[in-house]
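Note that the sequence shown covers residues 1 to 178 in the numbering used here. Ideal Cβ positions, reconstructed from N, Cα and C, are used throughout, including at glycine. No experiment lies behind these values; they were computed from the predicted model shown. One structure below.
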Amino acid sequence: MKKRILIATIGLGFAALITVFGVQAYEAHKQAAQTQDAEADAIVVETWDDPWVQFHRQMRAMKANSESMFNEIFHSMATGDSFGQVKMDDQGDHYTVSVNLPSADQDNITVSLDGQRLNISASTNGQTERKDDNGQLIEQQSFTNSYQQILSLPGKVKADAMQSHFDKGVLTITVPKA
C-alpha cells in the first residue's frame with residue numbers, strides 16, 4: 001500500500017513538474033512574441049524540440065507582411081483623396097456632373113439614370129509584384145477597388161438624352177433637363 005502511495009505521489013510530482021516547466025516555457029515564448037524581433041530572438045532559447053520558436057518566428061513574419069500590405073493600401077487611399085470627388089453644375093438647359101476617377105478604366109465605368117437618380121459606379125483591378133535583385137519574385141499582391149455614387153438631380157431630366165465622356169481620369173456626364 002505504501003509503495004502504491006509512493007508511486008502515485010512521485011507520478012503526481014513528476015506531472016506537476018512537467019506542467020510547471022511547460023507553462024513557464026509557454027509564458028516565456030508568449031512574452032518574447034510581444035517584444036521587438038531583436039529582443040525576442042535574444043530572449044527565446046532555441047532548442048531542437050521547441051515548437052514555439054518556429055511558431056513565433058512565423059507569426060512575426062506574418063505580422064510584418066500584413067503591416068506592409070495595410071501600409072501600402074492606406075498610403076494609396078491617402079494619396080488618392082481626389083478619387084470620387086463629384087461636382088454638379090446647373091447649366092440652364094442641362095446638368096453637368098464631373099467625377100474624378102483617376103485610376104479607373106473606361107471599360108469598368110457604368111452610368112445609369114433612374115428617374116432623377118444618377119448612379120455612377122467604377123471598379124479597378126490590379127496586381128503588384130516585388131522582386132529581389134536576382135529577379136526572384138518576393139511578393140505578389142492583387143487588388144480590387146470599387147466606387148459607387150448615387151446622386152439625386154434637382155429637377156426632371158431626359159434620361160434617353162444623357163451622355164457621358166471619360167477623359168484623363170475625369171468622367172463628365174451631361175443630362176438635359178425635361
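Going by other Cβ atoms of all chains shown within 10 Å of its Cβ, with 16 needed for buried, is L137 buried or exposed? exposed
Residue of S142, V170 and R117 minimising C-alpha distance to A159: R117
If you follow the beta strand (DSSP E) that N145 is part of, which residue opens it and which one closes it? L137 to S152
Please say whether T174 and T96 have beta carbons closer to each other than 9 angstroms? yes
Using three-state DSSP, classify Q106 as helix, strand or coil. helix
With a CB to CB cut of under 7 angstroms and the five nearest residues on each side skipped, what residues in its chain are close to E67? none
Identify the continuous beta strand (DSSP E) that holds N100 and give its terminal residues. H94 to N100
Assign D81 to one of three DSSP states: helix, strand, or coil. Low local confidence applies: a pLDDT of 49 at D81 is under 50, so the model's placement there is unreliable, with the coordinate-based value given in what follows. Reduced to three states, the DSSP call for D81 is coil.
Mapping the DSSP letters down to three states, classify M59 as helix, strand or coil. helix
Does DSSP put A159 in a helix, in a strand, or in coil? helix
Check Q54 in the structure and name its three-state DSSP category. helix
Let me check understanding here. Comparing Cα to Cα, which of G169, G155 and Q127 lies closest to H94? G155
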